[in-house]
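Visitor: Can you keep this structure in mind? I'll have questions shortly.
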Amino acid sequence: MPVSNRIWEPWLTRNGLTATYLSTVEHLIMPVSKVLRERKQRGQPLIVGISGAQGTGKSTLARAIGHACTRYWGWRCAILSLDDLYLSRDRRAQMARSFHPLFATRGVPGTHDVMLGEQVLGALRSGQCCRLPRFDKGLDEPCPRRLWPRVSEPVDLVLFEGWCLGLPPEPEACLLEPINELEALADPHGVWRRHVNRWLGGEYTRLFAYASCLLYLWAPDWESVCRWRSKQEGMLPSTKRMNTDELARFMLFFERLTRHGWRVMPQIADIVVRLDEEQRVLEVRGSY
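Residue numbers (our numbering): 3 to 290.
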């Protein structure tokens with residue numbers, strides 16, 4: 003099916019994208035949307051997971067796939083981000099006191115409201131009304147519940163995206179040595195990373211299992227991930243964004259599982275999308 007400018011140009015404008023993204027629409031969005039249409043079972047929503055390191059474009063991809071499935075197939079779509087399940091600062095402070103000080107910072111498994119995520123995905127899968135959580139990264143707090151978008155009728159497609167979505171726990175032996183300065187200085191004995199790994203292999207596995215299809219955005223290297231994430235931070239209002247040093251430290255919380263993902267996710271995901279240093283699609287492989 004050819005890409006229609008009439009369908010896509012207004013969407014590109016609303017999402018702050020240029021016409022160059024039409025290449026991604028043609029070579030990734032539309033083929034994936036067709037695969038999803040083939041996999042969809044009558045009477046039950048399809049839940050698709052989108053995974054990839056910070057800055058890889060998961061949120062944009064989810065919106066684009068949702069737009070395609072709405073306009074071409076007439077589907078009702080809902081998007082849920084793992085980032086919107088982050089715990090409040092108070093609850094993370096409790097985690098920090100109970101388990102390890104590093105849990106005060108959002109990001110890793112253990113800092114999300116997994117029960118809320120299961121409730122939302124369960125409601126969407128059952129065709130029930132629900133609200134989609136939202137988190138304000140600038141304030142580092144969940145948005146007030148009254149501001150959460152309401153899903154008032156059954157949906158055909160749920161797009162669930164997150165930076166560690168679908169990731170299995172690491173082998174215990176991999177946790178022995180710190181991989182960066184943050185771990186060496188703040189977690190020299192591996193207490194924090196073992197708690198993270200335990201949650202990843204427990205309640206997060208149950209949460210991720212709601213997705214029956216998994217797409218993985220495969221970034222080329224850590225330097226690109228940090229650069230892309232820095233670009234995202236620059237789009238926030240100046241009063242809400244982290245400075246260079248704060249962002250550099252923040253990214254260290256994600257490095258271990260990001261590198262773990264590069265080792266294992268290409269073998270786990272149903273669809274793997276390799277990106278180059280400029281976020282262009284190099285290769286797509288999987289269920290086509």
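For each residue, glycine too, the CB sits at the ideal point set by N, CA and C.
Let me know if Arg8 comes out buried or exposed under the rule of 16 or more other beta-carbons within 10 Å of its beta-carbon.
Guide: Locating residue 8 in the sequence shown gives position 6, counting from the first residue. Exposed, because fewer than 16 other Cβ atoms sit within 10 Å of the Cβ of Arg8.
Visitor: Taking 6 Å as the limit between beta carbons, can you name the residues of its chain near Thr15, skipping five residues before and five after?
Guide: Position 13 of the sequence shown holds residue 15. Within the same chain, Thr15 has no close Cβ partners at all.
Visitor: Hey, could you find the ends of the alpha helix (DSSP H) Tyr74 is sitting in?
Guide: Within the sequence shown, the letter at position 72 stands for residue 74. Where Tyr74 is concerned, the enclosing alpha helix (DSSP H) stretches over 60 to 75.
Visitor: Alpha carbon to alpha carbon, how far is Tyr290 from Val37?
Guide: The residue given as residue 290 occupies position 288 in the sequence shown. The residue given as residue 37 occupies position 35 in the sequence shown. Annotation note: pLDDT 45 at Tyr290 (below 50); position unreliable, coordinate value reported separately. Whole-angstrom Cα-Cα distance: 7 Å.
Visitor: Given a threshold of 16 other Cβ atoms within 10 Å of its Cβ, counted over all protein chains shown, does Asn199 qualify as buried or as exposed?
Guide: By 1-based counting over the sequence shown, the position of residue 199 is 197. Result: buried.
Visitor: Given a threshold of 16 other Cβ atoms within 10 Å of its Cβ, counted over all protein chains shown, does Glu163 qualify as buried or as exposed?
Guide: Taking the first residue of the sequence shown as position 1, residue 163 is located at position 161. By the 10 Å Cβ count, Glu163 comes out buried.
Visitor: Could you check what DSSP says for Phe105 in three-state terms: helix, strand or coil?
Guide: Counting from one through the sequence shown, the residue named residue 105 turns up at place 103. In this structure, Phe105 counts as helix in the three-state DSSP scheme.
Visitor: Mapping DSSP to helix, strand and coil, what is Tyr290?
Guide: As a position in the sequence shown, residue 290 is number 288, starting the count at 1. Legend: pLDDT at Tyr290 = 45, less than 50; position of this residue unreliable, value from coordinates given subsequently. DSSP places Tyr290 in coil when its eight states are reduced to three.
Visitor: Is the distance from the Cβ of Val50 to the Cβ of Leu169 below 7 Å?
Guide: Sequence index remark: in the sequence shown, residue 50 carries index 48 (1-based). Sequence index remark: in the sequence shown, residue 169 carries index 167 (1-based). No.
Visitor: Go ahead and pull the three-state DSSP assignment for Ala80.
Guide: To locate residue 80, count along the sequence shown from 1; it is residue 78. Reduced to three states, the DSSP call for Ala80 is strand.
Visitor: Please list, in chain order, all residues of the same chain as Ser226 whose beta carbon is under 7 Å from its beta carbon, the five residues on each side excluded.
Guide: Within the sequence shown, residue 226 is the residue found at index 224, counting from 1. Excluding positions up to five away in sequence, the list reads Glu279.
Visitor: Distance cutoff 7 Å, beta carbons only. Does Gly129 sit that close to anything in chain B?
Guide: Looking for chain B here will not work: only one protein chain is present.
Visitor: Across which residues does DSSP place Tyr1 in a beta bridge pair?
Guide: Outside the modelled stretch of the chain, which goes from 3 to 290, sits residue 1, for which no answer is possible.
Visitor: Excluding the five sequence neighbours on either side, which residues of its own chain have a C-beta within less than 7 Å of the C-beta of Trp13, listed in chain order?
Guide: Position 11 of the sequence shown holds residue 13. Excluding positions up to five away in sequence, the list reads His69.
Visitor: Can you tell me which residues form a DSSP beta bridge with Val50?
Guide: Start at 1 with the first residue of the sequence shown, and residue 50 comes out as number 48. BP columns for Val50 point to Leu161, Cys215.
Visitor: For Leu149, I'd like the list of residues in its chain whose CB is within less than 8 Å of its CB, leaving aside the five on either flank, ordered along the chain.
Guide: Mapped onto the sequence shown, residue 149 falls at position 147. Excluding positions up to five away in sequence, the list reads Arg136.
Visitor: Among all the DSSP beta bridges, which residues are the ones paired with Arg152?
Guide: Taking the first residue of the sequence shown as position 1, residue 152 is located at position 150. Arg152 is bridged to Arg133.
Visitor: Using the DSSP secondary-structure output, state which residues sit across from Val274 in a beta bridge.
Guide: As a working mapping, residue 274 is identified with position 272 in the sequence shown. According to DSSP, Val274 bridges with Tyr218, Arg287.
Visitor: Taking only the alpha-carbon atoms, compute the straight-line gap between Thr183 and Leu167 and give it to the nearest angstrom.
Guide: Numbered from its first residue, the sequence shown carries residue 183 at position 181. Numbered from its first residue, the sequence shown carries residue 167 at position 165. The amino acid at residue 183 is misidentified as Thr; the sequence shows Glu. Taking the straight line from one Cα to the other gives about 25 Å.
Visitor: Let me know if Ser6 comes out buried or exposed under the rule of 16 or more other beta-carbons within 10 Å of its beta-carbon.
Guide: The residue you call residue 6 lines up with position 4 of the sequence shown. Ser6 is exposed by the Cβ-count criterion.
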